[in-house]
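Enquirer:
Numbering (our numbering), first residue to last: 119 to 522.
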């Protein structure tokens, strides 16, 4: 009976209904990796990070992915890579390929930047907002329409080819000073803490991405030291037929080449949480080819401090003047939308202590109705202060702004 069962398992191995490979996604990933390798050769590039997932600072969930983050000697560039063919255009601020919506907007890239800036401030890294730039890089063979353009007036670009992307990064921006050694070290550490997706790869090369949640204890142990676990049958076809299969996993270290081989229970289940479909996918180890571990560990940002606050010799010299009428704030970031009651508008962060409001009555009906696309939370805009008044009863400034 055992030999018959073994024979049936071996015969069904190649006939199993695995998920279908997504060749378009595979090609897109290969294009991103190729861009990363080319960027590392540029003189001003310090390091390049691929497929970085940036947490929400409070919950650590709802991670926003950045295809590529390039750390340069004097700025940081977030790059969205599109390996499209055909005609590319923006319709109602959404990217379209050959007339079909791809569901991508510049707001997604801006949100990733916003999260990064909030986390960097929280861990003690003080950098100006304008040292962070964004690029939509169309690296496939596509005709990019003039409608494909960022909403922000400064610090955001569209590259219509690889060569144009490389040219943008080769430009030495003299408006920014080089990061000092301490800041650069802290930025490298911070960027390395943003992991990528976990993944399950099947024997037919199909791959599903998400968060590995089972087997919980083993995953937690493996992810610290290892980048992936390659599953295979230790026995040959004949040995498996006679004595049954023995599953083993080869744990590939994140550093070095000391591969560890472990025994696996063929009936144990690997569970992957798919955040896009919001479902848990379950697969027995015998159906798995490779487990890839994206995060070494998910950081608890409340316990991370990468730079100590710099001591100020004279507090008077560090007082930030309150923005006054006529002042222009470059790339002010949107904190929230006021949608309840009579006081409705868009709240901007002006500096560490002050916020400004673009009230609804200063906006057109179209702007307000499409605020989630035109003025998404965490997106950055150039604004001008239209009035600044101190409220004695509330002991705070009331500041009105308008977009430029």
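Each residue gets a CB set at the ideal place from its N, CA and C atoms; glycine is no exception.
#1: Apart from the five residues just before and just after residue 407, which ones in its own chain have a Cβ nearer than 7 Å to its Cβ?
#2: Under three-state DSSP, which class holds residue 156?
#3: Is the CB-CB distance between residue 198 and residue 254 below 7 Å?
#4: Compare the beta carbon distance of residue 519 and residue 474 with 7 Å and say whether it is the shorter of the two.
#5: What residue range does the alpha helix (DSSP H) around residue 238 cover?
#6: What are the boundary residues of the alpha helix (DSSP H) that includes residue 335?
#7: On the three-pair Cβ rule with 8 Å, is the stretch 505–514 touching the stretch 483–491?
#8: Roughly how many angstroms lie between the CA atoms of residue 228 and residue 273, to the nearest whole one?
#9: Just checking my contact of residue 476 with residue 440 at CB under 8 Å: how many whole Å lie between their CB atoms?
#10: When the distance is taken between beta carbons, is residue 316 closer than 7 Å to residue 330?
#11: Using a Cβ-Cβ cutoff of less than 6 Å, which residues in the same chain neighbour residue 265 once the five nearest sequence positions on both sides are dropped?
#12: At the level of alpha carbons, what is the spacing between residue 427 and residue 241?
#13: How would you call residue 289, buried or exposed, if buried means at least 16 neighbouring beta carbons within 10 angstroms?
#14: Please confirm whether residue 230 and residue 184 have their CB atoms less than 7 Å apart.
#15: Assuming residue 380 contacts residue 369 under a Cβ cut-off of 8 Å, what Cβ separation, rounded to an integer in Å, is found between them?
#16: Can you look up residue 323 in the DSSP assignment and give me helix, strand or coil?
#17: If contacts are defined as beta-carbon pairs under 8 Å, then residue 392 and residue 295 qualify, I think. What distance do you get, rounded to the angstrom?
#18: Just the C-alpha distance for residue 425 and residue 298, rounded to the nearest angstrom, thanks.
#19: Which of the three DSSP states is assigned to residue 448 in this structure?
#20: To which residues of the same chain is residue 188 closer than 6 Å at the C-beta, ignoring the five residues directly before and after it?
#21: Since residue 404 contacts residue 384 with CB under 8 Å, what's their CB separation in whole angstroms?
#22: Could you tell me which residues DSSP pairs with residue 499 in its beta bridges?
#23: Using 8 Å for Cβ pairs, my map puts residue 201 next to residue 258. What's the rounded Cβ distance?
#24: Write down the C-beta distance between residue 452 and residue 495 rounded to the nearest angstrom, noting that I regard them as a contact closer than 8 Å.
#25: Would you mind stating whether residue 371 and residue 413 have Cβ atoms separated by less than 7 Å?
#26: In the DSSP assignment, find the alpha helix (DSSP H) that holds residue 490 and state where it starts and stops.
#27: Could you check whether residue 390 and residue 326 sit closer than 7 Å to each other, using their CB atoms as the reference points?
#28: Should residue 311 be labelled buried (16 or more other beta-carbon atoms within 10 Å of its own) or exposed?
#29: Quick check: residue 175 and residue 236, are their CB atoms within less than 7 Å of each other?
#30: Out of 376, 351, 374, 151, state which residue places its alpha-carbon closest to the alpha-carbon of residue 366.
#31: In angstroms with no decimal places, state the Cα-to-Cα distance between residue 434 and residue 420.
#32: In the DSSP assignment, find the unbroken beta strand (DSSP E) run with residue 184 in it and report its ends.
#33: Alpha carbon to alpha carbon, what distance is there between residue 205 and residue 152?
#34: Would DSSP call residue 457 helix, strand or coil?
#35: For residue 150, which three-state DSSP category applies?
#36: Work out the CA separation of residue 342 and residue 69 for me, nearest whole Å.
Expert: In terms of the structure at hand:
#1: Once the five neighbours on either side are set aside, the close Cβ partners of residue 407 are 319, 320, 321, 349.
#2: In the displayed model, residue 156 falls within a helix according to three-state DSSP.
#3: Yes. Within cutoff.
#4: Using a Cβ distance threshold of 7 Å, residue 519 and residue 474 count as a contacting pair.
#5: It spans 224–240 - the alpha helix (DSSP H) in which residue 238 sits, taken as one unbroken run.
#6: Start and end: 334–343.
#7: Contact fails: fewer than three Cβ-Cβ distances are below 8 Å.
#8: If I take the Cα positions, the gap works out to 11 Å.
#9: The Cβ separation is near 18 Å, so there is no contact.
#10: Yes.
#11: Excluding its 5 nearest sequence neighbours in each direction, residue 265 has C-beta neighbours in its own chain below 6 Å: 207, 208, listed in chain order.
#12: Residue 427 and residue 241: Cα-Cα distance of roughly 10 Å.
#13: By the 10 Å Cβ count, residue 289 comes out exposed.
#14: Yes; because the gap between Cβ atoms is below 7 Å, this pair is in contact.
#15: Contact flag correct, Cβ pair sits at about 6 Å.
#16: Residue 323: coil per DSSP, three-state reduction.
#17: About 44 Å separates the Cβ atoms of residue 392 and residue 295, ruling out a contact at the 8 Å cut-off.
#18: Those two C-alpha atoms are separated by around 12 Å.
#19: Reduced to three states, the DSSP call for residue 448 is strand.
#20: Once the five neighbours on either side are set aside, the close Cβ partners of residue 188 are 157, 163, 166, 195.
#21: Their Cβ separation, rounded to whole angstroms, is 5 Å, which keeps residue 404 and residue 384 in contact under 8 Å.
#22: The partner list for residue 499 (beta bridge, DSSP) reads 450.
#23: Indeed they touch by this definition, with Cβ atoms about 4 Å apart.
#24: Indeed, because the Cβ distance is near 5 Å, the residues count as touching under 8 Å.
#25: Against a cut-off of 7 Å, the Cβ pair of residue 413 and residue 371 comes out as no contact.
#26: According to the DSSP assignment, residue 490 belongs to the alpha helix (DSSP H) that extends over 489–492.
#27: Against a cut-off of 7 Å, the Cβ pair of residue 390 and residue 326 comes out as a contact.
#28: Looking at its Cβ environment, which holds 16 or more other Cβ atoms inside 10 Å, residue 311 is buried.
#29: With a cutoff of 7 Å on beta-carbon distance, residue 175 and residue 236 are scored as near each other.
#30: Looking at the Cα atoms, 351 is the closest of the given residues.
#31: Residue placement at residue 434 cannot be trusted, given a pLDDT of 45 that sits under 50; what the coordinates show is reported in the next sentence. So the two alpha carbons sit approximately 30 Å from each other.
#32: Where residue 184 is concerned, the enclosing beta strand (DSSP E) stretches over 182–190.
#33: Cα to Cα, the separation comes out at about 23 Å.
#34: Residue state for residue 457 is assigned as coil, using DSSP reduced to three classes.
#35: Looking at residue 150 - three-state DSSP - the assignment turns out to be helix.
#36: The structure shown does not extend to residue 69, since the chain is modelled only from 119 to 522, so the question has no answer here.
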